Amino acid sequence: MTGYDQLLAAVLTPFGEPAARRERERALTVLLRDHHDRAEADLTAAVRANPTGLQVPAVLELLPFFSSPEVVAVLESLMNGDDPEIAAHAGIALGRVTDPTARSAIERSLASTSAQTTAAAADAAATTTDPTYCAALRNRLTDESPVVRFHVVHALLTLDCLSAEDRAELAQTEHDPDVTSLLA
Numbered sequence: 001m002t003g004y005d006q007l008l009a010a011v012l013t014p015f016g017e018p019a020a021r022r023e024r025e026r027a028l029t030v031l032l033r034d035h036h037d038r039a040e041a042d043l044t045a046a047v048r049a050n051p052t053g054l055q056v057p058a059v060l061e062l063l064p065f066f067s068s069p070e071v072v073a074v075l076e077s078l079m080n081g082d083d084p085e086i087a088a089h090a091g092i093a094l095g096r097v098t099d100p101t102a103r104s105a106i107e108r109s110l111a112s113t114s115a116q117t118t119a120a121a122a123d124a125a126a127t128t129t130d131p132t133y134c135a136a137l138r139n140r141l142t143d144e145s146p147v148v149r150f151h152v153v154h155a156l157l158t159l160d161c162l163s164a165e166d167r168a169e170l171a172q173t174e175h176d177p178d179v180t181s182l183l184a
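In full-length UniProt numbering, the protein residues as written are 1 to 184.
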């Protein structure tokens with residue numbers, strides 16, 4: 001196993017004890033400094049090859065550090081994929097990406113007809129902490145899916161887009177108890 005392979009294995013380790021976490025952080029630092037392009041290519045290729053693989057959540061924690069249009073494309077495709085848990089992780093990861101293409105990916109996904117994609121996009125918007133997403137999120141408040149409404153309301157609250165009056169008005173018209181509990 002080469003030094004590069006050992007670094008990749010260290011950043012993907014499932015172990016959480018302090019020594020493993022320190023080694024993971026060290027390996028990530030070295031990968032970003034010395035092997036940035038290769039590591040990004042290998043990680044995105046691995047996710048594309050097996051988008052529901054067991055290591056995908058670990059890779060999704062790393063991809064925002066690489067922050068490129070290719071990373072954005074991979075995350076957006078996962079948000080539109082078959083696995084709702086992976087889509088949720090991808091949305092949060094997309095919200096951490098600083099590449100300018102992330103914004104249009106979040107906006108496209110907020111306009112999606114897929115509840116899973118829209119919910120993940122709402123999580124992405126919330127993760128950015130950018131209140132300019134408020135208007136796009138507000139457009140989804142009447143979505144038929146309570147899952148979408150839950151994630152949209154959570155994002156709107158996170159981004160401080162809802163006044164007390166807005167929350168009271170939404171609480172009166174919302175029928176889903178989970179969404180209503182967010183508005184309380």
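For each residue, glycine too, the CB sits at the ideal point set by N, CA and C. The structure presented is a predicted model; accordingly, all values stated were derived computationally and were not measured.
Using the Cα positions of residue i and residue j, report the straight-line distance between them to the nearest angstrom.
| i | j | result |
| --- | --- | --- |
| residue 86 | residue 153 | 21 Å |
| residue 3 | residue 34 | 11 Å |
| residue 157 | residue 147 | 15 Å |
| residue 58 | residue 120 | 17 Å |
| residue 79 | residue 165 | 32 Å |
| residue 21 | residue 56 | 18 Å |
| residue 145 | residue 6 | 44 Å |
| residue 41 | residue 127 | 24 Å |
| residue 66 | residue 94 | 11 Å |
| residue 11 | residue 97 | 18 Å |
| residue 179 | residue 150 | 5 Å |
| residue 63 | residue 130 | 20 Å |
| residue 124 | residue 50 | 22 Å |
| residue 175 | residue 23 | 48 Å |
Which residue marks the beginning of the alpha helix (DSSP H) containing residue i, and which one marks its end?
| i | result |
| --- | --- |
| residue 28 | 18-34 |
| residue 159 | Careful: residue 159 lies outside any alpha helix (DSSP H) and carries neither H nor E. |
| residue 51 | From DSSP, residue 51 is part of no alpha helix (DSSP H); its letter is neither H nor E. |
| residue 144 | Segment: none, residue 144 is in no alpha helix (DSSP H) and carries neither H nor E. |
| residue 63 | No alpha helix (DSSP H) holds residue 63; DSSP gives it neither H nor E. |
For residue i, which of helix, strand or coil comes out of DSSP?
| i | result |
| --- | --- |
| residue 1 | coil |
| residue 176 | coil |
| residue 131 | helix |
| residue 118 | helix |
| residue 15 | coil |
| residue 163 | coil |
| residue 181 | helix |
| residue 44 | helix |
| residue 111 | coil |
With a threshold of 7 Å, establish whether the CB of residue i neighbours any heavy atom of the ligand GDP.
| i | result |
| --- | --- |
| residue 128 | The ligand GDP is absent from the structure shown, which contains no ligand whatsoever. |
Please list the segments of the alpha helix (DSSP H) lying wholly inside the segment 65-109, counting only runs of 4 or more residues, in order along the chain. 69-79, 84-96
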